[in-house]
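Notes follow the structure.
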Amino acid sequence: MAVCPWEDRVALEDLLVAFAHAVDSLHDLDGIGTIFTDAAVFDLSGVGFPSLTGRAAIRQFYANTFDVMAAHAHYLSNFAVTSYAGDKASVRTYVVGMGRYKAGGGITMRGRYYFDVVRTPAGWKAALFSMDMLIPPEVESGGGA
Amino acid sequence: MAVCPWEDRVALEDLLVAFAHAVDSLHDLDGIGTIFTDAAVFDLSGVGFPSLTGRAAIRQFYANTFDVMAAHAHYLSNFAVTSYAGDKASVRTYVVGMGRYKAGGGITMRGRYYFDVVRTPAGWKAALFSMDMLIPPEVESGGGA
Amino acid sequence: MAVCPWEDRVALEDLLVAFAHAVDSLHDLDGIGTIFTDAAVFDLSGVGFPSLTGRAAIRQFYANTFDVMAAHAHYLSNFAVTSYAGDKASVRTYVVGMGRYKAGGGITMRGRYYFDVVRTPAGWKAALFSMDMLIPPEVESGGGA
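Just so you know, the sequences run in chain order A, C and U. So that you can map any letter, position 76 of the first sequence is 76 in UniProt numbering, and since no number is skipped, the others follow by simple counting. So that you can map any letter, position 91 of the second sequence is 91 in UniProt numbering, and since no number is skipped, the others follow by simple counting. So that you can map any letter, position 132 of the third sequence is 132 in UniProt numbering, and since no number is skipped, the others follow by simple counting.
Encoded structure:
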């Protein structure tokens with residue numbers, strides 16, 4: 001594959017970090033929207049969640065999520081550019097995604113994010129997002145006796 | 001903002017990693033000292049710890065910490081340059097900070113570090129450090145029945 | 001030390017990420033083999049495992065490991081180039097290494113990887129690999145009543 005110049009490598013890493021930052025804000029739906037193309041496919045079917053198409057559907061997914069979450073933390077690591085062709089690329093990152101519910105309890109997901117991204121006049125955007133698990137999810141009870 | 005050249009981006013990442021490495025050494029107060037400017041503000045008020053001013057106070061904070069800790073691990077990720085202006089910059093990183101006490105038990109903190117850094121003749125140094133939490137701290141008992 | 005150009009820094013990070021990716025595949029022995037030189041020393045004595053010499057022995061170690069593991073996740077962070085001299089380098093990374101056994105239960109190791117790497121016609125390869133712990137390993141029982 002073509003060599004990914006450092007400016008693009010940094011921009012791609014920044015895109016993924018910005019995605020996690022918006023998800024962890026628990027409110028920044030516009031920030032999430034800017035990560036994706038208009039017609040992006042947001043496919044969480046690999047981890048038992050829906051597959052959605054289009055920025056409006058992605059925003060609604062996070063609006064629903066933010067309604068029920070009290071805290072979020074999505075730690076990204078093991079960043080890799082797995083293909084690069086100038087105006088499009090594929091990137092993979094590991095993720096530890098933690099959530100705490102307003103109703104109590106929480107979940108920790110340890111897996112990988114996959115993004116197919118395209119260069120647009122407004123910078124790199126995700127056209128396809130998917131995820132798989134590395135370790136079975138860990139559910140924390142909200143308990144108390 | 002101005003584009004952060006790769007040399008500076010790498011140097012900024014290296015500064016944060018060197019900070020974590022010194023903190024995890026459990027002894028390297030000189031290493032911690034070199035991270036900060038003489039008059040640095042070290043503000044942990046966002047996570048219920050003191051706000052300190054000056055390298056001597058920061059060293060003393062870690063001297064006290066090292067006295068009581070048996071193990072440390074500070075995992076940094078989601079590195080972002082949030083502002084850059086040639087001779088100063090702001091950077092953010094996620095952190096999972098784990099400590100184990102000599103007296104038994106431990107704590108895990110999941111949050112974010114924020115650094116305002118300045119370019120000096122001796123390289124980039126932190127002039128302001130602060131932190132917030134993403135997930136409530138997790139306390140492990142030292143217990144045993 | 002000499003300044004590590006961005007192409008080498010990225011290549012070194014990619015090497016470590018590729019190592020974790022192969023380990024987490026639970027099958028890709030060829031992928032693991034390409035990380036190391038023919039005569040690489042793979043020294044896990046610092047964490048209570050054997051020290052091995054040569055690619056064949058390293059492959060066998062992972063063949064044995066893959067036989068008993070049901071899931072793997074190795075999260076790398078805090079990447080640092082600790083020495084660089086054009087055709088050889090030393091790099092360090094933090095690791096959270098999680099394993100789940102087919103027989104039930106699992107282990108989480110929180111430590112650091114150290115690689116001495118050399119430039120070869122086929123890219124950077126690891127000539128020496130070692131590890132230390134930051135936090136004592138955490139063993140999860142395979143539970144049941």
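Built from N, CA and C at the ideal position, the CB exists for glycine as well.
First through last residue of the alpha helix (DSSP H) which encompasses residue i
| i | result |
| --- | --- |
| residue 19/U | 6 to 25 |
Buried versus exposed, by CB contacts within 10 Å (16 or more), residue i
| i | result |
| --- | --- |
| residue 69/C | buried |
| residue 27/C | exposed |
| residue 126/U | buried |
| residue 123/U | exposed |
| residue 49/U | exposed |
| residue 93/A | buried |
| residue 8/U | buried |
| residue 132/A | exposed |
| residue 142/C | exposed |
| residue 99/A | buried |
| residue 138/U | exposed |
| residue 106/C | buried |
| residue 97/C | buried |
| residue 95/U | buried |
| residue 67/U | exposed |
| residue 144/A | Because residue 144/A sits at a pLDDT of 45, beneath the cut-off of 50, its placement in the model cannot be relied upon, and the point is left open. |
| residue 24/C | buried |
Partner residues on chain C for residue i, Cβ-Cβ distance less than 9 Å
| i | result |
| --- | --- |
| residue 98/A | 110, 134 and 135 |
Residues that residue i contacts on chain C, provided the C-beta gap is smaller than 8 Å
| i | result |
| --- | --- |
| residue 80/U | 14, 17, 18 and 21 |
Chain A contact residues for residue i, given Cβ-Cβ distances below 8 Å
| i | result |
| --- | --- |
| residue 101/C | What residue 101/C touches in chain A: nothing, since even the nearest Cβ is about 23 Å away. |
| residue 71/U | 134, 135 and 136 |
| residue 130/C | Result: empty, since nearest Cβ-Cβ is about 16 Å, beyond 8 Å. |
| residue 84/C | In chain order: nothing, as chain A lies at least about 12 Å away. |
Beta-carbon neighbours of residue i, restricted to chain A and to distances below 7 Å
| i | result |
| --- | --- |
| residue 9/C | 10 |
| residue 124/C | Correct list: empty, because the minimum Cβ distance to chain A is about 17 Å. |
| residue 62/U | Neighbours of residue 62/U on chain A: none; closest Cβ ~16 Å, over 7 Å. |
| residue 76/U | 77 and 78 |
| residue 24/U | 134 |
Where residue i meets chain U, residues with beta-carbon distance less than 8 Å
| i | result |
| --- | --- |
| residue 90/C | Residues of chain U passing the Cβ test: none, with the nearest at roughly 20 Å. |
Short CB-CB distance (under 7 Å) between residue i and chain D
| i | result |
| --- | --- |
| residue 94/U | The displayed structure is made up of protein chains A, C and U, and chain D is not among them. |
In chain order, each beta strand (DSSP E) run of at least 3 residues that lies wholly inside the UniProt domain "SnoaL-like" (7 to 126) of chain A | 36 to 43, 51 to 53, 69 to 84, 88 to 101 and 106 to 120
Would you check if the region 72 to 88 of chain C and the region 15 to 23 of chain C touch, i.e. whether three or more CB-CB distances between them fall below 8 Å?
-> yes
Tell me, please, whether the region 98 to 112 of chain A touches the region 29 to 43 of chain A by the rule of three or more beta-carbon pairs shorter than 8 Å.
-> no
Counting pairs of beta carbons, one from the region 2 to 10 of chain U and one from the region 83 to 92 of chain U, are three or more of them closer than 8 Å?
-> yes
Evaluate contact between the region 36 to 51 of chain C and the region 33 to 45 of chain A, counting only Cβ atoms and requiring at least three cross-stretch pairs below 8 Å.
-> no
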